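Residue numbers (the working numbering): -1 to 476.
Notes for the one structure printed next.
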Ligand SMILES: [Zn+2]
Ligand SMILES: [Zn+2]
């Protein structure tokens, strides 16, 4: 592991209380480094983050936060809260890892434990950074006698299980005035950027087994059902909006060609920039399943695994965070970190990547539609005004879900990016506590974007959290 980097390019126009809050984070950074690295080493998968969640919960308890756990039957979920009354400002904290991505802090592919999970999306930093921010904010609330509540949502299983969806569905976020969050990245960026809404579901076909040569007329093939459904969906592709995405994997075909299969399963993911269109597309896919079942004389049933809204941007909050991120500045590397960064950059396909870019703050953009992926932050953003920043916890040019992301995120470079996020979130939240007009503006903007008759309804119906989504042969990729 590399040493801690004390250098940040801070501009001088921070107010005295902002400087004070930043000092609270700086003062405890060794503790936050240790916390994030402990979670990095544990690398627990979604809904199995038993030890990681306890590390974060203990951190909050030791700081006088009230901690409740087990929301919606999710044993690794928690809510940590300090203060009372309005306004309520929420932070999000993730801590789940990804399967098969174990990696040392090294510029070569070297698993820490062969085939074990790894923190390739930086959620060990995500959870710890949000905690660092909330704790500093709490200190400030005490010192300045600020009224209101700071609440941190410990949200399990972002990588497919969608912990936030179940917390939002149960109403845990209904009284929050605004949510500020962040995500590890290879750049510093507070742009208002949406994401793709998504529904994923498994379709199970049931047929009748028979000897495929001796009595095939006695059988009805469940695999025929799957294939007919896929054919129809593939024909449907010509008649959907171009920015729709439909992917599938046959998760249960058949075991032997000489048996007419009685059971088969196909796993679908559908995405679109707009939640309403995802719902419409999913209904059309269901028709393909039904039609396939009728034609092949099989039966079909579907099970929605996950459903996330697209992120509803909030320009008011995003520009606030951009302004604060610019004040905080990006991450500057020590000489040793620069060497490591250049080694990692050499492992990327050719591109214009420089360690110095971690210092930059990206120009503010507004992307109302789409985005590269899907996130359960989407549901949060339709319940309460939400903004998120990206902080450079990874060497410029690193892509999420790669071994390089695990290596960067496990080094002091990751900690440097985490502190940028923690400080930005803290001083942005201070502004919201101090400036009710801005908070109201964020709420008015959200209402304008959703329409006043909008009522949040989760896309997953009334299903339980998919606790087993990561077990078995789960093909889902975020
Ligand atoms: Zn991820
Ligand atoms: Zn992530």
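The beta-carbon is built from N, C-alpha and C at its ideal position, and this holds for glycine as well.
Only a predicted model underlies this, so the values are computations on that prediction, with no experimental measurement involved.
On a Cα-Cα basis, can you pick out the residue from 430, 410, 372 and 311 that is closest to residue 446? As a working mapping, residue 446 is identified with position 448 in the chain shown. That would be 311, whose Cα lies nearest to the Cα of residue 446.
Under 6 Å, CB to nearest heavy atom of ligand 2: contacting residues: 119, 121, 156 and 181
So residue 406 and residue 392 are in contact, right, with Cβ under 8 Å, and what is the actual spacing, rounded? Within the chain shown, numbered from 1, the residue matching residue 406 stands at position 408. Within the chain shown, numbered from 1, the residue matching residue 392 stands at position 394. About 4 Å; that satisfies the 8 Å criterion.
Where do the ends of the alpha helix (DSSP H) carrying residue 134 lie? Position 136 of the chain shown, counted from the first residue, corresponds to residue 134. Element bounds for residue 134: 121 to 142.
Any idea if residue 435 is buried or exposed, counting beta-carbon neighbours within 10 angstroms, 16 or more meaning buried? On the chain shown, position 437 is the one that residue 435 refers to. Residue 435 should be labelled exposed.
C-beta atoms of residue 408 and residue 38 nearer than 7 Å: For the purposes of this step, residue 408 is identified with residue 410 of the chain shown, where counting begins at 1. For the purposes of this step, residue 38 is identified with residue 40 of the chain shown, where counting begins at 1. Going by C-beta atoms, residue 408 is nearer than 7 Å to residue 38.
What distance in whole Å lies between the Cβ atoms of residue 323 and residue 387, which are believed to be in contact at a cut-off of 8 Å? Residue numbering aside, residue 387 sits at position 389 when the chain shown is read from its first letter. Residue numbering aside, residue 323 sits at position 325 when the chain shown is read from its first letter. That belief holds up - the Cβ atoms of residue 387 and residue 323 are roughly 6 Å apart, short of 8 Å.
In the structure shown, what three-state DSSP assignment does residue 279 receive? Along the chain shown, read from residue 1 onward, the residue named residue 279 stands at position 281. Of the three classes helix, strand and coil, the one that applies to residue 279 here is helix, per DSSP.
Could you tell me if residue 235 is buried or exposed, where buried requires 16 or more neighbouring beta carbons within 10 angstroms of its beta carbon? Locating residue 235 in the chain shown gives position 237, where the first residue counts as 1. Exposed, because fewer than 16 other Cβ atoms sit within 10 Å of the Cβ of residue 235.
So residue 415 is in the alpha helix (DSSP H); what residue range does that whole segment cover? Within the chain shown, numbered from 1, the residue matching residue 415 stands at position 417. Per DSSP, residue 415 belongs to the alpha helix (DSSP H) from 410 to 432.
Since residue 457 and residue 305 should fall inside the 8 Å C-beta cutoff, what is the C-beta to C-beta distance between them, to a whole number of angstroms? Against the chain shown, residue 457 aligns to sequence position 459. Against the chain shown, residue 305 aligns to sequence position 307. Going by Cβ atoms, the distance from residue 457 to residue 305 rounds to 3 Å, so yes, they are a contact pair.
With residue 277 and residue 201 assumed to form a contact (beta carbons below 8 Å), what rounded beta-carbon distance in angstroms separates them? On the chain shown, position 279 is the one that residue 277 refers to. On the chain shown, position 203 is the one that residue 201 refers to. Wrong, their Cβ atoms sit about 17 Å apart, outside the cutoff.
Can you confirm whether the segment 331 to 346 touches the segment 152 to 170 when touching is taken to mean that 3 or more C-beta pairs between the two stretches lie within less than 8 Å? no
Return the CA-CA distance between residue 110 and residue 101, expressed in angstroms with no decimal places. Taking the chain shown and counting its residues from 1, one reaches residue 110 at position 112. Taking the chain shown and counting its residues from 1, one reaches residue 101 at position 103. Answer to the nearest angstrom: the Cα atoms are 5 Å apart.
List, from N- to C-terminal side, the alpha helix (DSSP H) runs of 4 residues or more that fit wholly inside the segment 331 to 394. 333 to 344 and 375 to 381
Helix, strand or coil for residue 198? Go by DSSP, reduced to three states. Counting from 1 along the chain shown, the entry for residue 198 is found at position 200. Here residue 198 sits in strand by DSSP.
Going by DSSP, name the residue or residues bridged to residue 301. Walking along the chain shown from the start, residue 301 turns up at place 303. Partner(s): 200.
Residue 42 burial status per 10 Å Cβ neighbour count (16 or more: buried): Here residue 42 corresponds to residue number 44 of the chain shown, with the count starting at 1. The residue is buried, with at least 16 neighbouring Cβ atoms inside 10 Å.
Evaluate contact between the segment 120 to 132 and the segment 47 to 56, counting only Cβ atoms and requiring at least three cross-stretch pairs below 8 Å. yes
Residues in its own chain within less than 7 Å of residue 465 by CB, not counting five upstream and five downstream? By one-based count along the chain shown, residue 465 stands at place 467. Counting only Cβ-Cβ distances below 7 Å, and skipping sequence neighbours, we find 45.
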